[in-house]
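Numbers 269 to 499, taken from this note's numbering, label the letters of the sequence shown in order. In what follows, a structure is listed as structure tokens, so that the remarks can point back to it.
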Amino acid sequence: MYSERASRLPDAVVWTNTPTGAGAGRVLPDGCMDLLWHDGRLLVAGPDTHAHLTEGGTSSSWAGIRFHPGTAPALLGVPAHELRDRRPDLADLWPAAEVRRATARVNAAADPARGLEDLALRRAAEAATPPDPVLRHVVAALDAGRPVAETADELGLSARQLHRRSLTAFGYGPKTLARILRLHRALALARGGTPFAETATRTGYADQAHLSREVRDLTGLPLGRLLVAHG
Numbered sequence: 269m270y271s272e273r274a275s276r277l278p279d280a281v282v283w284t285n286t287p288t289g290a291g292a293g294r295v296l297p298d299g300c301m302d303l304l305w306h307d308g309r310l311l312v313a314g315p316d317t318h319a320h321l322t323e324g325g326t327s328s329s330w331a332g333i334r335f336h337p338g339t340a341p342a343l344l345g346v347p348a349h350e351l352r353d354r355r356p357d358l359a360d361l362w363p364a365a366e367v368r369r370a371t372a373r374v375n376a377a378a379d380p381a382r383g384l385e386d387l388a389l390r391r392a393a394e395a396a397t398p399p400d401p402v403l404r405h406v407v408a409a410l411d412a413g414r415p416v417a418e419t420a421d422e423l424g425l426s427a428r429q430l431h432r433r434s435l436t437a438f439g440y441g442p443k444t445l446a447r448i449l450r451l452h453r454a455l456a457l458a459r460g461g462t463p464f465a466e467t468a469t470r471t472g473y474a475d476q477a478h479l480s481r482e483v484r485d486l487t488g489l490p491l492g493r494l495l496v497a498h499g
């Protein structure tokens, strides 16, 4: 069973999940990064470019705090592109002693999700470099369907500058982020009952076939099956 709530940390969501089925799970790319707890260990979920398949056959619980696109690197102290499509232990990123202290605090908390949230709040307060304020504009513009070149011009950046800053913040270039954000806009419409052809038109795909190709490429499933699995 999956549940989530808004975090006390701005631009973050706290979640817990205890799988109930025997099959593998599927985590869709969303431009976000997560700090994870599982079986007493701390891990990081980097930004995904395609759906991440989780192991099946286990009922052990997970907890996480999911950070809005572009906000995690300043808190974790690691450029997002170094974590792309990875799930490393936090010990691979931070000094061992610091990870031992953090793990002990999370494990001692009333629940792991609250412990992760407290850890993230402490890191945010101590962060030497705040999130780049340009990033919020980038996400908002691309999520509104604005072209990458237009977004760069609005910010007074060259295409190369925007790409470089996007790699550090999101883990990939702005065109990939735009694809992922558009996917979620389309899924929201389709889940609400909008016909697939109309969904494609309203979210900027050339046609329904284009929408179908993008969904399969980014998630590994046809649109209809994906809606059943992630309805």
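The beta carbon of each residue, even a glycine, is placed where N, CA and C say it ideally should be.
In the DSSP output, what is residue 305 paired with across the bridge?
310, 331
Pull up the DSSP beta-bridge partners for residue 321, would you.
294
Counting along the chain, where does the beta strand (DSSP E) carrying residue 274 start and finish?
In the DSSP assignment, residue 274 falls within the unbroken beta strand (DSSP E) covering 270-274.
Distance check for residue 426 and residue 340, CA to CA, integer angstroms please.
Approximately 24 Å, taken between the alpha carbons.
Is residue 482 buried or exposed, if buried means 16 or more other CB atoms sit within 10 Å of its CB?
buried
Which same chain residues, not among the five before or five after residue 484, have their C-beta less than 7 Å away from its C-beta?
490
For residue 392 versus residue 351, is the C-beta distance shorter than 7 Å?
no
Within 7 Å, strictly: CB atoms of residue 448 and residue 299
yes
Which listed residue (382, 387, 376, 337) has its alpha carbon closest to that of residue 358
387
What number of angstroms, rounded off, separates the C-alpha of residue 282 from the C-alpha of residue 476?
34 Å
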